[in-house]
Structures are given as structure tokens and as C-alpha cells.
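**Q**
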Amino acid sequence: MTLAQATTTEAEPMRIGEYLLGHLRTYGLLFALIAIMIFFQISTSGTLLRPVNITNLLLQNSYIIIMALGMLIVIVSGNIDLSVGSVMGFVGALAAVMIVQLDVPYLLAIVICLVVGGLIGAAQGYWVAYWKIPSFIVTLAGMLVFRGLSLLLLEGQSVGPFPREFQALANGFVADVFPAGIGQTFAAMFGARQVNVLALGVGIIAAVAIVWSGLRARARNRAYGVVDEPRAFFIARNVIVVGAIVFIMFKLSTFRGLPNVLITMGVLTMIYAFLTERTVLGRRVYALGGNQKAAKLSGIKTERLTFLAFVNMGVLAAAAGLVFAARLNTATPKAGFALELDVIAAVFIGGASMSGGVGTIVGAVVGAFLMGVLNNGMSIMGIGIDYQQMIKGLVLLAAVIFDVYNKSKQG
Amino acid sequence: MSALLEMRSITKTFPGVKALDEVSLTVREGEIHALVGENGAGKSTLMKVLSGVYPAGSYEGEIHYSGGLAEFRNIADSEKRGIIIIHQELALVPLLSIAENLFLGNEQASRGVINWHGTFRRTEELLHKVGLREAPTTLVGKLGVGKQQLVEIAKALSKEVRLLILDEPTAALSESDSQALLDLLLELKAQGVTSIIISHKLNEVRRVADSVTVIRDGATVSSMDARTQEITEDAIVRDMVGRDMAHRYPARRRVAKDVLFEVQNWNVWHPEQSDRQVIKSANLKVCAGEVVGIAGLMGSGRTELAMSIFGRSYGQNISGSARIKGQEVDVSRVDRAIDAGLAYVTEDRKSLGLILEEPISRNVSLAHLQGVSQNGILNDNLETEVAERYRKAMNIRTPSVFQKVMNLSGGNQQKVVLSKWLFAEPGVLILDEPTRGIDVGAKFEIYGIINELSAMGKGVLMISSEMPELLGMCDRIYVMNEGALVGELTAEEASQERIMSLIVTE
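So the sequences go chain by chain: F and A. Numbering of the first sequence is given in the numbering used here, commencing with residue 2 and proceeding in unit increments. Numbering of the second sequence is given in the numbering used here, commencing with residue 6 and proceeding in unit increments.
1) Cβ of F/Val85 within 8 Å of Cβ of F/Ala237?
2) With distances taken Cα to Cα, identify the nearest neighbour of F/Met379 among F/Leu58, F/Leu25, F/Val101 and F/Val92.
3) Considering Cα atoms alone, identify which of A/Ala293, A/Leu427 and A/Phe449 is closest to A/Gly464.
4) Measuring alpha carbon to alpha carbon, tell me which of A/Arg338, A/Ala345, A/Gln321 and A/Ile236 ends up nearest A/Glu277.
5) Please give me, in chain order, every unbroken run of the alpha helix (DSSP H) with length at least 4 that falls completely inside the stretch 187-240 of chain F.
6) I'd like to check one pair, A/Leu148 with A/Val135: are the Cβ atoms closer than 8 Å?
7) Rounded to the nearest angstrom, what separates A/Asn79 and A/His275 at their Cα positions?
8) Taking any Cβ of chain A, which residues in the stretch 272-285 of chain F have a Cβ under 9 Å from it, in chain order?
9) Look up A/His275 in the DSSP assignment and say whether it is helix, strand or coil.
10) Given a limit of 8 Å on CB to CB distance, which residues of the stretch 288-317 of chain F reach chain A?
11) In angstroms, rounded to a whole number, what distance separates the CA positions of F/Ala5 and F/Arg217?
12) For the stretch 352-370 of chain F, enumerate the residues whose C-beta is nearer than 8 Å to any C-beta of chain A, in chain order.
13) Between A/Thr351 and chain F, is the shortest Cβ-Cβ distance under 8 Å, so that the two count as touching?
14) In chain order, what residues of the same chain lie with their CB nearer than 7 Å to the CB of F/Ala207, ignoring the 5 residues before and after it?
15) Taking all protein chains shown into account, decide if F/Ile81 is buried (16 or more other Cβ within 10 angstroms of its Cβ) or exposed.
16) Under a three-way DSSP split, which group does A/Met250 fall into?
17) Once you ignore the five residues that flank A/Ala489 on each side, which residues in its own chain have a CB closer than 6 Å to its CB?
18) Per DSSP, A/Thr351 is paired with what?
19) Could you please give the first and the last residue of the uninterrupted beta strand (DSSP E) stretch that includes A/Val226?
20) Keeping to the same chain, check which residues put their C-beta closer than 6 Å to that of F/Arg257; ignore five residues upstream and five downstream.
21) Please confirm whether A/Val421 has its beta-carbon closer than 8 Å to some beta-carbon of chain F.
22) Leaving out the 5 sequence neighbours to the left and right, which residues in its chain are closer than 8 Å to A/Asn527 when beta-carbon positions are compared?
23) Leaving out the 5 sequence neighbours to the left and right, which residues in its chain are closer than 7 Å to F/Thr8 when beta-carbon positions are compared?
24) Can you give, in chain order, each stretch of the beta strand (DSSP E) that sits fully within the stretch 403-475 of chain A and has at least 3 residues?
25) Can you tell me which of the three DSSP states A/Cys479 falls into?
26) Leaving out five residues on either side along the sequence, give the residues of the same chain with a beta carbon under 8 Å from the beta carbon of A/Ser102.
27) Against A/Ser63, what residues of chain F qualify as contacts under a CB-to-CB distance less than 7 Å, listed in chain order?
28) Using a C-beta cutoff of 8 Å, does A/Leu374 count as contacting chain F?
29) Of the choices F/Ala69, F/Leu150, F/Ile67 and F/Val101, whose alpha-carbon is the least far from that of F/Phe91?
30) Would A/Ser49 pass as an interface residue toward chain F - the criterion being a Cβ-Cβ separation below 8 Å?
31) What is the residue span of the beta strand (DSSP E) that A/Arg13 lies within?
32) When the Cα atoms are used, what is the spatial distance from A/Glu390 to A/Val260?
33) Would you check if there are 3 or more beta carbon pairs closer than 8 Å linking the stretch 188-204 of chain A to the stretch 478-489 of chain A?
34) If you measure from the beta carbon of A/Val339 to each beta carbon in chain F, is any gap under 8 Å?
35) Is the stretch 68-85 of chain A touching the stretch 41-52 of chain A in the sense that three or more CB pairs, one from each, lie closer than 8 Å?
Structure, rendered in C-alpha cells:
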């Protein structure tokens, strides 16, 4: 052993402690999700992780996750959007009226709905960005207006059902492109009834991609002498993430394969994670939320950025509305009621800060899953809606208290 | 005179750092005692020990106050004994009136119902004492910083103060407000109030202090008594920095070149009161390689002028032209002003210059993100490299460029702001109070950077409330008063007296 190696191994233990303290939040969230999943897996005697339930879990939470992506950006920019539940319901109603009652081709209807969502976001963002009216007020008004508008549009009735193609938006699965023979071979190997090779393959490719990009970033950090994650953590984190992805995809592959919604969610999550972490645009949003005045004096067009954050939120709320309507196969006046609170809670559980400038896409998605697993697990256990609400509320409070405590510790 | 306060061998340790090492401080009854030292020397820590923020038992050593051993457990404890601190950041509620602020937490009430009549009467007495002619019902937010400072002092007086501690009371004040405040201190002294004043402004220290204690690196370096010896600024500076600073301003070689930046007939109106003209047809020019100062009192419109030029960040109805190298440039938005080659280093780095929660690297790149990205995609490594380069060039003291800016000292924060603007590669830098609230050593480094900039052929426009700084640094000085540039002096002509007389006579 050379001297250099000796010193690095010596320095390691102290660094791990330091590192863990600095990144308690990231790991805490991941471990909390795992702990909750293990808890429900045991307490529901294995129901939680059955293929059909995993599929349900993804479908049930897809619209929350889609909206959480936009909400994260709105909250990082230092604002909030209380209207997303109503907007989602309104767009679902609009889709139903167009497709079911007016026979508009469903693809055209989807495009119109997304544009309408963008316009709704623009209408709200305009007042927030250019008139400096607090977003809380503007979107509270929006919440009431669009709730009312969907009632008006649906005349208080439920409208449905949708054509099969539109339903596939939420309930469809990607067909296996591989010959059935391969799937049967795998099925025999793993002792499963059937295996969707595409789903399993996508899972493995995703896992490999995650490890590869992690290794690359690590090598780059090394080269620039950046203090990075201790090796033990890197390995442990990757084993857990890769294990979870492959496990879930395997489970999915033994049921009906890849849900369309999972693809939509996955792609959107990747796009938004890239946008927020790696682009100039994303960086400016963080700067805006971190210190609006300083951002403005640094040449950032803060008004336009705020405006765009709301437009983006509107489009994503519309997308969520379409998925929701397709999943229920009907548009109801109550669709999306109080959902904005779940979305906002997911973002805060994911580590975003109320005052803006802090938060990550991955955190928001994990936060949404955490809430989703709680909902799902408690429902399976037969816990009443009364207790469910209380427990969710306390989890949100605990997460934020943990944040604040953590911050004061780092001082 | 006997000692009112005696702090003996105070030692205070934080995990890993010895903030105070056997510091002693003796303040006699009825004197004004100046406590000076560089930022981070331990002045504030010492005052926190004194006021009970760090309770008895958390430090070693003894505090003797008013003839007995004092062991304060919290601020309320020390306030009860008449020790009152006025912090640099004023603790006033802007949306409450003067009267409400004065008696905040000490309301003149019986059974929870406030006696407004008595409150206003006492407020008027106190305001009279500090020489503030404002109605008790005036909202504090409507007052300037100087007047707010007086409200703080009135508040202290309402509590039967025996030992008044002022932390950098004149840092944010104009020359005349500072004078008024110092006069008030002398008057309070005559009434028997003892005070400790923490200050960076040595001329003020010399003017009012009866004795001076210098602290450096958490230890007492010297104690001087003005009644028995002559205290010179040089002696204080020497003790503060631990070396003889023959020149407080680095020597600069003057290079007169062509006109680089020119503003003509610049008019600005107040953002809310559209009938109030804040800047009145200002004309100024800065040559390449020239350092030009703008002197003036607080509220004379210097910052307003600078910010209105920089992307119309202040005011409305702005008219006038800005030229760079003779070409008219569009400075109507901040991004356009930056593109035109302007940079504005704000006087308020914490709220206008930095994103405190973010690391140094991200703050440095903020005004020039295209410099660390391709096609809108950031290059983190390049960003780190850039920050690293400025850390070395500017001598920013930090373990790494990933340190959050809020953890840096004032001087290092200022260097981060400067780095940010240098990275944007401007031709003209407007520096607004570039050395406010930073210590002597860091000031010297900032001056060095300014000289380097001018040697590179950049034009520097420097706003400062410290006249010696302008006189020491500038090739030319504009004097501003009530929104107009009322005079222009070359380095040879300029002196504090001439600048003041221009302000007073115009």
C-alpha cells in the first residue's frame, strides 16, 4: 500500500460522516420511501408489491407526478399554484365535451386541451409576473373560477365514456415487441406466468444508464478535484436504485407490461430534471427564486421567467387532466378536487423550500411516490379516510420540520 | 472615575475555533469607549458575551459590572441592568409608528390596554431628547436610516440605559447624519450615559472616543486613553492589522486615455411620486483607465443615478443618452446594459448582489451564464474552473467554491460580487460603496483590484460615502447634491473641505 492510499483510507470515515450530514435530506427521503414500502409490504402481507398493485400505484399517481414537475418549478421560482386541481378538472371536462358530445377527433382534442392549459397558465402568470399580484391570490381565484367553469361545462353531470384510443392514454400498455417465445423462456426461468420482455429490457437499460451516468459524473468530479460522494455511498445508493428499478420492472413485466403512463412520466421526469439541473433556463429559475432582485440586476428577465413557469404549469395540469379523465373514462365535476394540495405536499416533502430557490425534480417525484405509497398502503390495510388524512398531514409536517432542523444544524 | 464595566480574561470557544482568547475590556463610568478591530476580530462575540446572548457559563473569565460580578443568562437580564445594544441591522418594525416601536415589548399599558395618551407624551419627550423632529405617529418605514438610528437610541433611552453599545452606528449614514449622531453621543455622555461604540471609521473614533481598545484575532492588542496620550489613526490601524500601513491606498499610476463612457442630460423621476425629479440633467464621463468618484450625502441621488443608468433599475420617465466609445448604447434593460459593457456592483450586496443560499460558483457565473454554457446547456466543470480562477485571482478566503455565499465574511462576499461582474467582462464598472462594512485588510485588497481594473483600461465609476476613500482612489471626483452633479474636481484640486463646500453652497 502506498502512502497516498493509506491517507485516503484514513480520511474516509470522517468524510462519510460529514457527507451524510450534508446530504441527510436526499438519503433520508430515499430511505423513508424504502422503509414505508417495507412496512406496507409486511403489513399488507405482500399485496403492496404484487404486480397488479404496482401497476395501479403508478396509474393512480401519474397525474400527481406530472403536475408535481410543473409545481416544483413554480415553487422554486418563489410562487405557488393553487389552481392546478381545478384546471385539471376543467381540462378533463373540456376533453369530454369535445370528444364525447361534439365528436372532435381525440388527437385534435388533446392538442386543443394542452393549448388551453397553456393559455390558462398564461392568464394567471400574467398577473403574477407583470402586475406583481401574489400568486397565492391569483391562483386561489383561478381555483374557484375553473372549478365553476367545469361545473358549467358539464352542466353538473358526468360525461363519458371515452373512445378506447383516448382511454389508452392512461390505461394502455405498450405491447411487447419481442417474439412471444423469448418471454415464455424468461417466464419459465423465473417461475412467472408470463414475462413482457420489453418492460424488463427497458428496466435493465434504464438501470444501466443510471449507473453509467453516475460513474461518468463521478469520474468528472474526480478530475476536477470536487469532493464527491464517498464510494460506499455511491455503491449503496446505486445498488438500491438499480435493484428497485429492475425489481419493479420485472414485476410489471409479469403483469401487463409497460403502462403508457409510465413512459410519459419517465420521459417528462427526465426532461424536467435535465431542464432544471443542466440548462441556463433552469439555473435562472433557481436564481429568481433565490433572490429575485439580485437575479434581475444580473440581467435575468425575471418577469418573463415567472410567466413561463405558470404557462408550463398550465400545460402540465392539462396533461394531467387528460390522463385523469382517460383513467376514470369519464369527466366529473368533482375531478381534481383538492388535488393541488397533494401536489404541493409532494413537492415540499421532496425538499423544496417555501421561500423559493431550493428543490429538485427527483425529490418532488420521490415525494409524490411517498404520498402515493402511503395512500395505497393505508387503503389496502383498510385504514379509514379519516386516519389517512391525519397521517398524511403529519408526514408532510415531519418532512418540513426535518428540513428546517437540518438547515439550522448546518447553520 | 471608576470602572463601570470590567471584562476580565474572557475566553470563548466555538467547536474548532477560539473566538476570544483572554480578552479584557475596561470601560469607565461616563466615557465613550471605542472598540475597533477588523471584521471577524471578535468584537461582536465580545458584545454578545456582555449582553448575555452567550449566557454566563458558556465562556471563561469574569464580567464585573457596576461594582459586582455579573452573570447574565440572557438579553433581558442585561437589559434590566441597563446594558442596551443597538445592532447594525436595526430592529424596528417599519409598518409600526415611532411610538409603537419605542415601546415595543414595553408597552405603556394597564391590564393589557395601551395608554396611548401616555405613550405619545413619553415618545415626544424621548424624541426631543435625541433631537428627532417627527410626529410619534409617523411610520418608521417612512424615515431614513439616520432617523431610524435615532429612534433606536430613543428606544434605548426609554429603558433607563446605563451602558449603551452601538455596533457600527454610522455605517449606513451620510456624513451629516453621522455628525448628528456623534453629537448626540457626546450629549448623552454629558448626561452621564456610558457608551461603547464599535466602528470602522477611525476619524469618528478619534472625534468622540475617550479611550480605544483594539482587538485582533480574538485578543486585546492595545488600550489607549485619549486623555493621557494622543491617539492617531495610524496607530490604531497599525494595531488593527498588525502591520504598519504607511499607505492605506495602494499607489496607482494614472493613465489618461480617450473617453470611454458618457452620460448626457440624464433625467429620472421617482418611481412612485411621478412629480418628483430625482436626477436632474446629469452629465458625466469616464475615460478608459480612469477611476472617477461620485461624492455626496446620503440621499443625494448617487445610487439612484447609477441604478437608473444600469437598465433602468430605478425610477421612471428616464431620459438622456448613454454612449460607449462615442456610440449611443441601449441601456433600457439590465441585459442590454450588460451587453453594452456596463456592470453595476450594488451597495447592498446581501439583498441585491448575491444569492446567499447558493454556492460561490453559481454566484460568479450568474451575470454571464452564456460564458459557462453551450446552446443553453450548462457546463458545470467550466463553471467550477471559472469560479476557481476568480477565487485565486481575488484571494477569496474559502475552503472551496462550493461554499454557500452566506457563510463568507463581508469582504469575501464583496469579492464574489466583484468576480461576478468581472466575469461578465464589462468595459465600465459602476461600484456603489464597494468597501462598505468590510475590514481594513479587505478594503486594501479591493482598492488593489480597482487599480488593476483601471490598468486594464476599464473605466471605473465609484460611489462612496467615505471621502478619504474617494480622495485616495480617484483621478476625478463629481460632487452630487439633491439629484444634480454640482461640481467636478480633479485629484489635485479635491479635498474634504472643497467637496463639503460644494455640497453646502450649491
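Backbone N, C-alpha and C define an ideal beta-carbon position, used for all residues, glycine too. Fair warning: this is a prediction, and the values are worked out from it, not measured in the lab.
**A** Per the coordinate set shown:
1) Position 84 of the first sequence, counting from 1, holds the residue named residue 85 of chain F. Position 236 of the first sequence, counting from 1, holds the residue named residue 237 of chain F. F/Ala237 sits away from F/Val85, with the two beta carbons spaced by 8 Å or more.
2) The residue given as residue 379 of chain F occupies position 378 in the first sequence. Closest by C-alpha distance to F/Met379, out of F/Leu58, F/Leu25, F/Val101 and F/Val92, is F/Leu58.
3) One-based indexing of the second sequence puts residue 464 of chain A at position 459. The candidate whose alpha carbon is nearest that of A/Gly464 is A/Ala293.
4) Translated into the one-based positions of the second sequence, residue 277 of chain A becomes position 272. Ranked by Cα distance from A/Glu277, the options A/Arg338, A/Ala345, A/Gln321 and A/Ile236 are led by A/Gln321.
5) Note on the stretch 187-240 of chain F: whole alpha helix (DSSP H) runs with a minimum of 4 residues are 198-224, in chain order.
6) Walking along the second sequence from the start, residue 135 of chain A turns up at place 130. Walking along the second sequence from the start, residue 148 of chain A turns up at place 143. Contact: no.
7) If you number the second sequence from 1, residue 79 of chain A lands on position 74. If you number the second sequence from 1, residue 275 of chain A lands on position 270. Taking C-alpha positions only, A/Asn79 is separated from A/His275 by approximately 44 Å.
8) Within the stretch 272-285 of chain F, the residues whose Cβ lies closer than 9 Å to some Cβ of chain A are Phe275, Glu278, Arg279, Thr280, Val281, Leu282, Gly283, Arg284 and Arg285, listed in chain order.
9) Locating residue 275 of chain A in the second sequence gives position 270, counting from the first residue. When secondary structure is reduced to three states using DSSP, A/His275 falls in the coil class, being assigned neither helix nor strand.
10) Result list: Ala288, Gly291, Asn292, Lys294, Ala295, Ala296, Lys297, Leu298, Ser299, Gly300, Ile301 and Lys302.
11) Locating residue 5 of chain F in the first sequence gives position 4, counting from the first residue. Locating residue 217 of chain F in the first sequence gives position 216, counting from the first residue. Residue placement at F/Ala5 is poorly supported in this model, since its pLDDT is 37, which falls under 50; the coordinates still yield a value, given next. Roughly 23 Å between the two C-alpha positions.
12) Residues are counted here when their Cβ sits less than 8 Å from a Cβ of chain A; for the stretch 352-370 of chain F these are Gly358 and Val359, given in chain order.
13) For the purposes of this step, residue 351 of chain A is taken as residue 346 along the second sequence, with counting starting at 1. True, the Cβ-Cβ gap to chain F drops below 8 Å.
14) The sequence position of residue 207 of chain F within the first sequence is 206, counting from 1. Only Ile246 meet the Cβ criterion.
15) Position 80 of the first sequence, counting from 1, holds the residue named residue 81 of chain F. It is buried - the Cβ of F/Ile81 has at least 16 other Cβ atoms within 10 Å.
16) Within the second sequence, residue 250 of chain A is the residue found at index 245, counting from 1. Any reading at A/Met250 must be qualified, since the residue scores a pLDDT of 48, below 50, and its modelled position is unreliable; no value is offered.
17) On the second sequence, residue 489 of chain A is found 484 positions in, with the first residue counted as 1. Within the same chain, A/Ala489 has close Cβ partners Lys285.
18) Taking the first residue of the second sequence as 1, we reach residue 351 of chain A at position 346. DSSP lists no partner for A/Thr351.
19) As a position in the second sequence, residue 226 of chain A is number 221, starting the count at 1. Counting along the chain, the unbroken beta strand (DSSP E) around A/Val226 starts and ends at Ala224 to Asp230.
20) Here the question's residue 257 of chain F lines up with position 256 in the first sequence. Residues Phe174 of the same chain have their beta carbon placed closer than 6 Å to that of F/Arg257, with the five preceding and five following residues left out of the count.
21) Within the second sequence, the letter at position 416 stands for residue 421 of chain A. So, not an interface residue.
22) Any answer about residue 527 of chain A is impossible in this case: the structure gives chain A only from 6 up to 511.
23) Taking the first sequence and counting its residues from 1, one reaches residue 8 of chain F at position 7. The predicted model places F/Thr8 with a pLDDT of 34, which falls under 50 and marks its position as unreliable, so this point remains unresolved.
24) Within the stretch 403-475 of chain A, the complete beta strand (DSSP E) runs of at least 3 residues fall at 433-437 and 464-468.
25) Residue 479 of chain A sits at position 474 when you count from the first residue of the second sequence. DSSP places A/Cys479 in coil when its eight states are reduced to three.
26) Here residue 102 of chain A corresponds to residue number 97 of the second sequence, with the count starting at 1. Within the same chain, A/Ser102 has close Cβ partners Pro141, Thr142, Thr143, Leu144 and Val145.
27) One-based indexing of the second sequence puts residue 63 of chain A at position 58. Neighbours of A/Ser63 on chain F: none; closest Cβ ~16 Å, over 7 Å.
28) Sequence index remark: in the second sequence, residue 374 of chain A carries index 369 (1-based). Contact of A/Leu374 with chain F is assigned, a C-beta pair being separated by under 8 Å.
29) Here residue 91 of chain F corresponds to residue number 90 of the first sequence, with the count starting at 1. Taking only the C-alpha atoms, the option nearest F/Phe91 is F/Leu150.
30) One-based indexing of the second sequence puts residue 49 of chain A at position 44. Not one beta carbon of chain F lies nearer than 8 Å to the beta carbon of A/Ser49.
31) The sequence position of residue 13 of chain A within the second sequence is 8, counting from 1. Per DSSP, the unbroken beta strand (DSSP E) holding A/Arg13 starts and ends at Ala8 to Phe19.
32) Translated into positions along the second sequence, residue 390 of chain A becomes position 385. Translated into positions along the second sequence, residue 260 of chain A becomes position 255. Computed Cα separation, rounded: 32 Å.
33) Verdict: no, contact absent.
34) Locating residue 339 of chain A in the second sequence gives position 334, counting from the first residue. Cβ-Cβ to chain F under 8 Å: yes for A/Val339.
35) As far as the Cβ criterion goes, the stretch 41-52 of chain A does not touch the stretch 68-85 of chain A, which means the pair count is below three.
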